[in-house]
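Have a look at the structure below, then the notes.
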Amino acid sequence: GVTVESDRKAGVLLQNKNLVLQMVRRASAGNYTCTATNSLGTTISNVVPLVIRYLPVCVDIPKTVAVAEGEDVRLNCHVDAQPDDDLHFTWYFNNTLDTVEVERHRITVEQGRSFLDYTPRSARDYGTLSCWATNVVGTQADPCRFTVVEAGPPERVGNCVLVNLTVGTLEVECTPGNNGGLPQRFIARVFAAPTHTLLVTLEEDVPRFHVSGLTPGQDYLITITAVNDKGASDPEEIDAVRLKEP
458 GVTVESDRKA GVLLQNKNLV LQMVRRASAG NYTCTATNSL GTTISNVVPL
508 VIRYLPVCVD IPKTVAVAEG EDVRLNCHVD AQPDDDLHFT WYFNNTLDTV
558 EVERHRITVE QGRSFLDYTP RSARDYGTLS CWATNVVGTQ ADPCRFTVVE
608 AGPPERVGNC VLVNLTVGTL EVECTPGNNG GLPQRFIARV FAAPTHTLLV
658 TLEEDVPRFH VSGLTPGQDY LITITAVNDK GASDPEEIDA VRLKEP
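Here it is as structure tokens:
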């Protein structure tokens, strides 16, 4: 356990046999006991539980969820509340046109969580879903938010430049495009220009690649492709790269 000490600034006052807690917070909750000591020994009082009631608050930070049209997704609205045995949840959908309450038959509630099964059918179904929880204290001050964006293949990279070109090595850097609502990665392929023979394949989390072991004086073709779980972009090509000769 933790010993409670008097601290007027924190609103903790010890007055003889009494403990006064001012401006209690959620962290003040717990089981309290009092210990008394004299020359004959020490005794401990019965346990006094202190329960702090508070509005529901979101457990998770706001999330962005990428979903394709016609694809199902289950959103999990998890709140912390006291008491939490009779929580009521309401969901709202907001886009650039309006705000509407989500039909209750699409919502399920289990042990402090509300689940919404959501399926975007058109462009109008992409926006922000807000989950509001209510207990006997009241309704949460700030809802749990889910931004639903359309998922798809990433855009092709652009502005590819050779940032380093030496004997036998090259380094290329590009600007990433839109990721399609999902984490993307980048694949570089190096071909021998005259024959289009694939020589090297590299994969990175950012579109910057270092290629070594190439032949000086040889012409190369480089393609950079962005990839995510929904597919791949069109490749960006860098033609006729010739390495320096020694």
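Letter by letter, the sequence shown follows residues 458 to 703 in the numbering used here.
Note that beta-carbon positions come from the ideal geometry of N, C-alpha and C, so glycine has one too.
> So which of 640, 557, 492, 630 has the shortest CA-CA distance to residue 586?
Replying inline: In the sequence shown, residue 586 corresponds to position 129, counting from 1. Ranking the options by Cα distance to residue 586, first place goes to 557.
>> For residue 608, count the other beta carbons within 10 Å of its own beta carbon; 16 or more makes it buried, fewer makes it exposed. Which is it?
In response: For the purposes of this step, residue 608 is taken as residue 151 along the sequence shown, with counting starting at 1. By the neighbour-count criterion, in which 16 or more other beta carbons inside 10 Å mark a residue as buried, residue 608 falls on the buried side.
> Enumerated in chain order, which unbroken segments of the beta strand (DSSP E) with a length of 3 residues or greater are wholly contained in the segment 499-538?
Replying inline: Assignment of beta strand (DSSP E) within the segment 499-538, counting only whole runs of 3 or more residues, yields 505-507, 511-515, 520-524 in chain order.
> Where residue 551 and residue 539 are concerned, what is the direct C-alpha to C-alpha distance, given to the nearest angstrom?
Replying inline: Residue numbering aside, residue 551 sits at position 94 when the sequence shown is read from its first letter. Residue numbering aside, residue 539 sits at position 82 when the sequence shown is read from its first letter. In this structure, the alpha-carbon of residue 551 lies about 28 Å from that of residue 539.
> Which residue's Cα is closest to the Cα of residue 584: 548, 614, 564, 590?
Replying inline: Within the sequence shown, residue 584 is the residue found at index 127, counting from 1. The candidate whose alpha carbon is nearest that of residue 584 is 548.
> Is the segment 680-693 in contact with the segment 610-623, if contact means three or more CB pairs nearer than 8 Å?
Replying inline: Flag = yes, the segment 680-693 and the segment 610-623 touch.
>> Under DSSP, the beta strand (DSSP E) around residue 645 begins and ends at which residues?
In response: Stepping through the sequence shown from its first residue, residue 645 is reached at position 188. Where residue 645 is concerned, the enclosing beta strand (DSSP E) stretches over 642-649.
> Per DSSP, what kind of secondary structure is residue 683 in: helix, strand or coil?
Replying inline: As a working note, residue 683 is residue 226 in the sequence shown. In this structure, residue 683 counts as strand in the three-state DSSP scheme.
> residue 674 and residue 699 look like a contact to me (Cβ under 8 Å); what is the Cβ gap, rounded to whole Å?
Replying inline: Numbered from its first residue, the sequence shown carries residue 674 at position 217. Numbered from its first residue, the sequence shown carries residue 699 at position 242. Taking 8 Å as the upper bound for CB-CB distance, residue 674 and residue 699 are in contact here, some 7 Å apart.
> For residue 504, does the count of other Cβ atoms within 10 angstroms reach 16, so buried, or fall short, so exposed?
Replying inline: Walking along the sequence shown from the start, residue 504 turns up at place 47. Under this definition residue 504 is an exposed residue.
> Roughly how many angstroms lie between the CA atoms of residue 555 and residue 461, to the nearest whole one?
Replying inline: Here the question's residue 555 lines up with position 98 in the sequence shown. Here the question's residue 461 lines up with position 4 in the sequence shown. The alpha-carbon atoms of residue 555 and residue 461 are separated by roughly 52 Å.
> How many angstroms separate the CA atom of residue 676 from the CA atom of residue 653?
Replying inline: Mapped onto the sequence shown, residue 676 falls at position 219. Mapped onto the sequence shown, residue 653 falls at position 196. Answer to the nearest angstrom: the Cα atoms are 10 Å apart.
> What span of residues does the beta strand (DSSP E) with residue 551 cover, start to end?
Replying inline: Locating residue 551 in the sequence shown gives position 94, counting from the first residue. Segment 545-551, the beta strand (DSSP E) holding residue 551.
> In whole angstroms, what separates the C-alpha of residue 640 from that of residue 633?
Replying inline: Translated into the one-based positions of the sequence shown, residue 640 becomes position 183. Translated into the one-based positions of the sequence shown, residue 633 becomes position 176. Roughly 12 Å separates the two Cα atoms.
> Taking DSSP as the reference, what is the three-state secondary structure of residue 486?
Replying inline: For the purposes of this step, residue 486 is taken as residue 29 along the sequence shown, with counting starting at 1. Residue 486 falls in the coil class under three-state DSSP.
>> Just to confirm before moving on: does the CB-CB distance between residue 514 and residue 537 stay below 8 Å?
In response: The sequence position of residue 514 within the sequence shown is 57, counting from 1. The sequence position of residue 537 within the sequence shown is 80, counting from 1. With respect to the 8 Å criterion, residue 514 and residue 537 are classified as neighbours on the basis of their beta carbons.
> In chain order, which continuous runs of the beta strand (DSSP E) of length 3 or greater are located wholly inside the segment 543-617?
Replying inline: 545-551, 556-558, 564-567, 570-575, 584-591, 601-607, all fully within the segment 543-617.
> Whose C-beta lies closer than 7 Å to the C-beta of residue 478 among residues of the same chain, with five residues either side of it excluded?
Replying inline: Taking the first residue of the sequence shown as position 1, residue 478 is located at position 21. The answer, listed in chain order, is 468, 469, 485.
> Which term fits residue 571, buried or exposed, when burial requires 16 or more other beta carbons within 10 angstroms of its beta carbon?
Replying inline: Sequence index remark: in the sequence shown, residue 571 carries index 114 (1-based). Around the beta-carbon of residue 571, 16 or more other beta-carbon atoms lie within 10 Å, marking it buried.
> For residue 629, is the classification buried or exposed, using 16 other Cβ atoms within 10 angstroms of its Cβ as the cut-off for buried?
Replying inline: As a first step, residue 629 must be located in the sequence shown, where it is residue number 172. Flag for residue 629 reads buried.
> Can you tell me whether residue 681 is buried or exposed, with buried defined as 16 or more other CB within 10 angstroms of its CB?
Replying inline: The residue you call residue 681 lines up with position 224 of the sequence shown. Buried, by the Cβ-count rule.
> Going along the chain, which residues of its own chain have a beta-carbon closer than 6 Å to the beta-carbon of residue 604, five neighbours each way excluded?
Replying inline: Taking the first residue of the sequence shown as 1, we reach residue 604 at position 147. Only 521, 585 meet the Cβ criterion.
>> Applying the 10 Å Cβ sphere with the 16-neighbour rule, what's the burial state of residue 597?
In response: The sequence position of residue 597 within the sequence shown is 140, counting from 1. The residue is buried, with at least 16 neighbouring Cβ atoms inside 10 Å.
>> Going by the DSSP bridge assignment, what does residue 461 pair with across the sheet?
In response: The residue labelled residue 461 in the question sits at position 4 within the sequence shown. The partner list for residue 461 (beta bridge, DSSP) is empty, contrary to what the question assumes.
> If you draw a straight line from the alpha carbon of residue 519 to that of residue 466, how long is it in whole angstroms?
Replying inline: Indexing the sequence shown from 1 puts residue 519 at position 62. Indexing the sequence shown from 1 puts residue 466 at position 9. Computed Cα separation, rounded: 34 Å.
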